Structure formats: C-alpha cells, structure tokens
Ligand code: GLU
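Numbering (this note's numbering), first residue to last: 1178 to 1599.
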C-alpha cells in the first residue's frame, strides 16, 4: 500500500533526481568526493522582490536561481513562473540541466530559476515589473559567461526580452547573449521556438528505427499543448505520424485515425484554446494518458507517470518532452514492461541545444538560416541518442540510467581535469 507520505516522497523532484543520480553514480563507481560535489548544487540564490501592482498595492514575490554546476561552462537553464514552484523543484531542475547539457555535449553547466506567482492572474505590466526586478537582483550572478536564463513553464520570448533589456541597462550596453529564447529581431535564433518539439521528433525517429516501426502506422499521444507539446504534435503529424490524442487539463482530445493537427492549430489560433475543437472527441485526460498507443509524449509538468499509473501505461516508446514527468518508482515498472524510455535529459534537449546555437550566434554577431540551425540540431540529437543507447547496451542498464551515467561521467571527467580550487 502506498501512503500519502510515500507518494509525497516519490513525487518530490529533488528525490526523483537524487534517486537516479545515486543509482548511476554507484554503477559508475564514482569516488565519494565527486559524488558529494555533484549531488548538491553549487549555488542557491533566494530573492524577495517588491513589485508595485496595478491597483497601487505593493506585493513581495519570492524567486530562486539555483546554479548546480559550472564545471563544463556557464550555467544554463530556464526560468519558470508558477504558484507552487519551490526550492527543491528548482534544485532538481538545475541538476537536470547539468546532465542534459552533458548528454548532448554542449559547453554549459546547469541552472534553473523560478518565481512563486500566478502569472495567469497578473497583468503584462505586473509581469514586466516582476521580471525586471528579479533580473536586477540577479545582475551579479547572470551574464553570457556566468549563467544564461531561458524560457520555461509560463515564461516566453517577451519575458526574455525584458531580462535582456534590464541586464543591458545595468551593463550600459546591449548584451544579447545574457538570455536565450529571445524574439528573433533582438538576437533570438531561428528555430528556437520549435526546437524542443523538433528535438522530440528527432529522437522518436531514431527510436522507431530501432524498434522497426513504420511512421504512418505509429500512433502518438501527446500530453500538454504548450510550447513543447504543441510543436511536437504538429511536427510529428507533419512527418507522417498519427497523433491520436492530446491530453490537456480540463479535457483531452481523441481521434482513432489521427487528429488533423493543422486544423487544431488553426482552431487554437482563433479561440485561444483547444477545448471545443470539433475534429475530435472529448476524452477524460487521466484516462487518455493510458490509452493504447505506440509513442506517449508527456510534455506538461512533473510526476505524470508514477507508481499509481505506470503499470497501466500502454505505449511502446515514452518520449519525455517535459522535465521529470516520470518518478523513479515508475522507472522500475516501465523497465519491467520493456517500454523504450527516451529520458527527459535526452528527449527534450533540443531546446537547450538550440539555445546554445543562439548564444553562439549572439556572440558571433552572425545569424544562421533555419535550415542550418535544424541541421546542427539533428546532428547533435542523433549523436546523443546513439551515445545513450550504446551506453545502455554496454552497461546493461535502462536508457535513463545510461543517460545519467554518460552525463555524470562527462562532468566528473572535467572536474578531475580542472582539479579542486582551494
Ligand atoms: N527550459 C528548457 C529546458 O528545460 C530550456 C533551457 C534553455 O534553453 O536554457 O531545457
């Protein structure tokens, strides 16, 4: 019997990260000292920021920025706005960024930020003032060579533009490379907006090849229709997959022969929501996650596949578009069921990889065509997929632990080379 306390422990993202880290570090025979170094983040910043609200009252918001590691390069990772974001979650997400950047072998460490707020209840002006004050508080800790934020849950290109502008005002010069995921005309990269979804497609292409599946008979269910989920669903459909389900809070969409994704995008464009789309039947979201399919893409938030539902998941491939959608306890169940898991730190790495391209382009002052961006992305995603699958075969572990082992090994190697400054 799983108690509420057990489930709370299982769904704590920091525990979820640490459980996988410990397992992988153990398999690697990582020495005790480095184990301790890599287990905890190197810097945690908490700020309490005053913001003048539209009605004239002063509100104070709590924000975090956690830098897990800068061993392989500047810290890198998104910034999320949510009412329930907390330090443990940000810590876990920062560590995942270190492992993710190492899996795709780009020269960054890992970081993550968060502000406790309900962005859906705030005006643009309030969001702008909050973002600018947060940036000002973090001025000494972020920068192109220090820590480079990016969008995450409930933040977007506009948020990045405010951060870039605030940082630039303090630096007394325009510093585009301080954030990625910016609008294209102020130093953003072509292809960045779709990049995480495109990366998901790229690793799915490799996975179906490995499992000898055909694209046009491969049924896909996507959970979440935000930046990652909507682009993944659209690009998968364009490539010839059958997207049969979209799982969204408040009602899923299901169509056995595949949903017309172009029509769904147009519907959302017109109505601002996918609810009420006439081209599919309405479906209970929790049930839709468990419907028979070939590829399941959780692209929403953490803890969607847990010890409570993992045994009922019916996909052959699980491609994690979100960060931490599967708990450590669910890993064992999925392994037993022989589900081919493409872990988050590989599957959703297309976003940060294209952020890397954006950072490079900003520093070069020379901007690439979208086809060049996508070509470079494909090269990196395919190489990372091959590395992880090979590691899993060689070491007799599942893909997730293989990805962690590969990442930890790369970061540990760098720390050994650099040595410990005393
Ligand atoms: N927030 C995204 C992630 O979790 C992107 C981070 C980035 O581009 O730095 O990977």
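Beta carbons: idealized from backbone N, C-alpha and C, even for Gly.
Predicted, not measured: the structure shown is a model, and the values here were computed from it.
Counting every other CB atom within 10 Å of its CB across the protein chains shown gives residue 1208 a total below 16, marking it as exposed. Contiguous beta strand (DSSP E) elements confined to the stretch 1461-1529 occur at 1472-1475, 1494-1496, 1517-1519, taking only those with 3 or more residues. By the neighbour-count criterion, in which a residue is buried when 16 or more other Cβ atoms sit within 10 angstroms of its Cβ, residue 1233 is exposed.
With a cut-off of 7 Å, the C-beta of residue 1357 is classified as near ligand 1, since at least one heavy atom of the ligand falls inside that distance. Not one heavy atom of ligand 1 falls within 7 Å of the beta-carbon of residue 1542. Note that the stretch 1530-1544 touches the stretch 1363-1378; at least 3 beta-carbon pairs, one per stretch, sit closer than 8 Å.
In this structure, residue 1272 has its beta carbon at no less than 7 Å from each heavy atom of ligand 1. Taking the Cβ of residue 1277 as the reference point, at least one heavy atom of ligand 1 falls within a distance shorter than 7 Å.
Counting every other CB atom within 10 Å of its CB across the protein chains shown gives residue 1542 a total below 16, marking it as exposed. Its chain contains 1407, 1411 as the residues whose beta carbon lies nearer than 8 Å to that of residue 1442, once the 5 sequence neighbours on both sides are disregarded; these appear in chain order. Excluding its 5 nearest sequence neighbours in each direction, residue 1592 has C-beta neighbours in its own chain below 7 Å: 1211, 1214, 1248, listed in chain order. Short of 8 Å from the beta carbon of residue 1517, and not among the five residues preceding or following it, lie these beta carbons of its own chain, in chain order: 1384, 1387, 1388, 1493, 1494, 1495, 1576. By the CB criterion at 8 Å, residue 1321 and residue 1286 fall outside the cutoff.
In the DSSP assignment, residue 1295 falls outside any beta strand (DSSP E), carrying neither H nor E.
With 16 or more neighbouring CB atoms inside 10 Å of its own CB, residue 1465 falls in the buried class. Residue environment for residue 1295: exposed (fewer than 16 other C-beta atoms within 10 angstroms of its C-beta). Measuring C-alpha to C-alpha distances from residue 1374 to each of 1339, 1184, 1414 identifies 1414 as the nearest. At a cut-off of 7 Å, the beta-carbon of residue 1408 does not count as near ligand 1: no heavy atom of the ligand is closer than that. Relative to the Cα of residue 1308, the nearest Cα in the group 1390, 1339, 1278, 1255 belongs to 1339. By the beta-carbon neighbour count (other beta carbons within 10 angstroms, threshold 16), residue 1500 is buried. Residue 1264 is positioned such that its CB atom lies closer than 8 Å to that of residue 1241.
Of the residues 1527, 1524, 1479, 1489, the one whose Cα lies closest to the Cα of residue 1505 is 1479.
Taking non-hydrogen atoms of ligand 1 into account, the C-beta of residue 1298 is found less than 7 Å away from none of them.
Ranked by Cα distance from residue 1574, the first of 1559, 1594, 1298, 1511 is 1511. For residue 1197 and residue 1485, the gap between their C-alpha atoms comes out near 19 Å. In the structure shown, residue 1246 adopts extended strand secondary structure according to DSSP, grouped into three states. At a cut-off of 7 Å, the beta-carbon of residue 1227 does not count as near ligand 1: no heavy atom of the ligand is closer than that. At least one heavy atom of ligand 1 lies closer than 7 Å to the C-beta of residue 1529.
Annotation for residue 1486 indicates a beta carbon at 7 Å or more from all heavy atoms of ligand 1.
Residue 1525 has its CB nearer than 7 Å to a heavy atom of ligand 1. Assigned with DSSP and collapsed to three states, residue 1257 falls in strand.
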